[in-house]
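Residue numbers (the working numbering), protein chains in the order written: chain A, 1040 to 1245; chain B, 1040 to 1245.
The C-beta atom is built at its ideal place from N, Cα and C for all residues, glycine as well.
Presented below is the structure to which this report refers.
2 protein chains.
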Amino acid sequence: MTTATRPDVRSGARGPDKFAARREELARATLVTLAELGYARTSLREIAQNSAFSHGVLHYYFRDKLDLIAEAVRIYEAMCVTRYDEAVATATTADELRREFSSMFVATLQTDSSLHRLWYDLRNQTRYEASLRDEVSEIEARRTDMIWNVVSRYCELRGAPAALSRELVYLTLDGIFQQGLDDLLDGTDPEMDRARTLLDEAFDSI
Amino acid sequence: MTTATRPDVRSGARGPDKFAARREELARATLVTLAELGYARTSLREIAQNSAFSHGVLHYYFRDKLDLIAEAVRIYEAMCVTRYDEAVATATTADELRREFSSMFVATLQTDSSLHRLWYDLRNQTRYEASLRDEVSEIEARRTDMIWNVVSRYCELRGAPAALSRELVYLTLDGIFQQGLDDLLDGTDPEMDRARTLLDEAFDSI
DNA sequence: GATTTTTCAGGACAGTCGTCAAGAGATGCC
DNA sequence: GGCATCTCTTGACGACTGTCCTGAAAAATC
Chain A
1040 MTTATRPDVR
1050 SGARGPDKFA
1060 ARREELARAT
1070 LVTLAELGYA
1080 RTSLREIAQN
1090 SAFSHGVLHY
1100 YFRDKLDLIA
1110 EAVRIYEAMC
1120 VTRYDEAVAT
1130 ATTADELRRE
1140 FSSMFVATLQ
1150 TDSSLHRLWY
1160 DLRNQTRYEA
1170 SLRDEVSEIE
1180 ARRTDMIWNV
1190 VSRYCELRGA
1200 PAALSRELVY
1210 LTLDGIFQQG
1220 LDDLLDGTDP
1230 EMDRARTLLD
1240 EAFDSI
Chain B
1040 MTTATRPDVR
1050 SGARGPDKFA
1060 ARREELARAT
1070 LVTLAELGYA
1080 RTSLREIAQN
1090 SAFSHGVLHY
1100 YFRDKLDLIA
1110 EAVRIYEAMC
1120 VTRYDEAVAT
1130 ATTADELRRE
1140 FSSMFVATLQ
1150 TDSSLHRLWY
1160 DLRNQTRYEA
1170 SLRDEVSEIE
1180 ARRTDMIWNV
1190 VSRYCELRGA
1200 PAALSRELVY
1210 LTLDGIFQQG
1220 LDDLLDGTDP
1230 EMDRARTLLD
1240 EAFDSI
């Protein structure tokens, strides 16, 4: 559905998916540009400059701009939702899980802040345009799962059931995440002390 | 600082502030347009169409587009932060305050959803551009105060201190607000049942 | 090696944007 | 009435956008 009209379906010789590979390459360049500039300021020419090609080629591999961006969002989705799985699997005590989660929480905020900024930008975008609504709410559902995995395992290790619902937990941690991102972006609190404190408080109340 | 270069300072004849009045009129038209279209899609010509004037006049009253938008944001700020004051003042029991707050919470979400959408859009905007950062964080501080006023009064009436910090309370309620807005905008849950449930849960955990 | 097909570059297009300038009305003052 | 100032409209400008088209380069096929 979302692929550009492939020049020839049989694809003849080797590499049935050279086409698909280049599509992904361009979608990755798109994701980089989106993270840097945000949705509204990302143009096709700018995307092309973050790739090895010229702007005209984008319409050879993608139907239109939205098709391209949707593909980039799919790549983002695949990247972003398995972050804490290992910590959940390996931690043996509640405190250990909590400490590991917190430090990864802060670390990804610092390392991939542009990407997380993009996430909130995209979610904001869907409030004005329905185009990416499905992709975005799919990602939100996965994020909720991801957080709940951590928290429910934390409660299991602790031996006490969670005091808060799955949705409220996600909402709260996401709020801390968002505010931590803001503190980072405007230079306040580059060490994320506030986010750490809030995170501790949130865990205590769970 | 932010006013356009006034044609004549002494202003000669009557009405020392006909100029200021028209500025506000245009800023209000800007706010309407922003709420409708969002920051990225709001153009000067569109703003002018939501007013009684043509697009050229905007540069007569405002230095540039940003000056105009900043003025609109100031109007928004003045509107948006006294919403629950009356409920705080008149409520005599904790349950009454809680009920009043919840119903106002839901009501403003339904009535002014475009305006609240704009707020999140603006906050998102400051993650890419520093221009409105001061105005936005001023508003965020006021929102935090507004929420804390309610919650601390609620705890006072209840006779027990708050279990959560001022910041975490704001973060959580704002998250519920945001998710309620999303439910409203994409047609899920137009009655805000989910938001009501989350709000109850949040109050219980305070 | 010749021919066909795939891949890519670059320019042209129609549209939109913020900004500015020239001038027409409107309004006040003498 | 005549003049000066304020207010507003209109049109133009350069820059930028997504899309499309033409043709060249590259690759695959025979």
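Is it true that the CB of residue 1078/A sits closer than 8 Å to the CB of residue 1133/A? Contact: no.
Note down the Cα distance separating residue 1135/A from residue 1086/A, rounded to an integer number of angstroms. Cα-Cα distance, rounded: 42 Å.
Residues of chain B with CB closer than 7 Å to the CB of residue 1225/A, please, in chain order. Here the neighbours are 1172.
For residue 1219/A, does the three-state DSSP call read helix, strand or coil? Residue 1219/A falls in the helix class under three-state DSSP.
Can you give me the Cβ contacts of residue 1189/A inside the same chain, cut-off strictly under 8 Å, excluding the 5 residues immediately before and after it? Excluding residues within five positions, the ones whose Cβ falls inside 8 Å are 1123, 1126, 1127, 1136 and 1140.
For residue 1211/B, go through chain A and note every residue whose CB falls closer than 8 Å to its CB, in chain order. 1207, 1210, 1211 and 1214, listed in chain order.
For residue 1110/A, which residues of its own chain have a beta-carbon under 6 Å away from its beta-carbon, when the five flanking residues on both sides are left out? Cβ neighbours of residue 1110/A beyond the five flanking positions: 1066.
How far does the alpha helix (DSSP H) with residue 1063/A in it reach, from first residue to last? Per DSSP, residue 1063/A is one residue of the alpha helix (DSSP H) stretching across 1057–1076.
Comparing the C-beta of residue 1203/A with each C-beta of chain B, is any distance below 8 Å? Using a Cβ-Cβ cut-off of 8 Å, residue 1203/A counts as an interface residue toward chain B, since at least one Cβ of chain B sits closer than that to its own.
Could you name the residues of chain B that residue 1237/A contacts, counting a contact when the two beta carbons are closer than 8 Å? Ordered by position in chain B, the residues that pass the 8 Å Cβ test against residue 1237/A are 1204, 1206, 1207 and 1210.
In the stretch 1130–1167 of chain B, which residue ranges form an unbroken alpha helix (DSSP H) of at least 4 residues, counting only runs that do not cross its ends? 1133–1150 and 1152–1164, all fully within the stretch 1130–1167 of chain B.
Cβ neighbours of residue 1154/B in the same chain (closer than 6 Å, five flanking residues each side left out): Same-chain partners within the cutoff: 1074.
Taking the CB atoms as reference points, tell me whether residue 1222/A and residue 1233/A lie closer together than 8 Å. Yes, Cβ-Cβ distance for residue 1222/A and residue 1233/A is below 8 Å.
Name the two residues that bound the continuous alpha helix (DSSP H) containing residue 1185/B. According to the DSSP assignment, residue 1185/B belongs to the alpha helix (DSSP H) that extends over 1172–1197.
Interface flag, residue 1222/B vs chain A, CB-CB below 8 Å: Residue 1222/B does not count as touching chain A.
For residue 1115/A, name the three-state secondary structure that DSSP assigns. Three-state DSSP puts residue 1115/A in a helix.
With distance defined between alpha-carbon atoms, name the residue in 1056/A, 1207/A and 1114/A nearest to residue 1157/A. For the residues 1056/A, 1207/A and 1114/A, the minimum Cα distance to residue 1157/A belongs to 1114/A.
Relative to the C-alpha of residue 1186/A, which candidate in 1210/A, 1236/A, 1243/A and 1081/A has its C-alpha closest? Nearest option by C-alpha distance: 1210/A.
Select from 1175/B, 1239/B, 1176/B and 1245/B the residue whose C-alpha is nearest the C-alpha of residue 1198/B. The option with the nearest alpha carbon to residue 1198/B is 1245/B.
Considering only the beta carbon of each residue, do residue 1112/B and residue 1076/B sit closer than 8 Å? No, these two residues do not count as a Cβ contact at 8 Å.
Taking 8 Å as the threshold (C-beta atoms), are residue 1094/B and residue 1105/B in contact? Cβ atoms of residue 1105/B and residue 1094/B: not closer than 8 Å.
If I measure Cβ to Cβ from residue 1163/A and keep anything under 7 Å in the same chain, skipping five residues before and after, which residues do I get? By the criterion of a C-beta distance shorter than 7 Å, residue 1163/A is surrounded by no residue of its chain, once the five residues flanking it on both sides are discounted.
Secondary structure at residue 1225/B, three-state DSSP: helix, strand or coil? The answer is coil: DSSP assigns residue 1225/B none of H, G, I, E or B.
Sequence-distant residues of its chain with Cβ nearer than 7 Å to residue 1238/B (five each side left out): 1141, 1144 and 1215.
Cα-Cα, which of 1149/A, 1119/A and 1062/A is closest to residue 1102/A? The shortest Cα separation from residue 1102/A among 1149/A, 1119/A and 1062/A belongs to 1062/A.
Relative to the alpha-carbon of residue 1059/B, which residue among 1208/B, 1068/B and 1100/B has its alpha-carbon at the smallest distance? Nearest of 1208/B, 1068/B and 1100/B to residue 1059/B, Cα basis: 1100/B.
Under three-state DSSP, which class holds residue 1203/A? Annotated three-state conformation of residue 1203/A is coil, per DSSP.
Have a look at residue 1231/B and residue 1212/A and give me their C-alpha separation to the nearest angstrom. Going from the Cα of residue 1231/B to the Cα of residue 1212/A covers about 21 Å.
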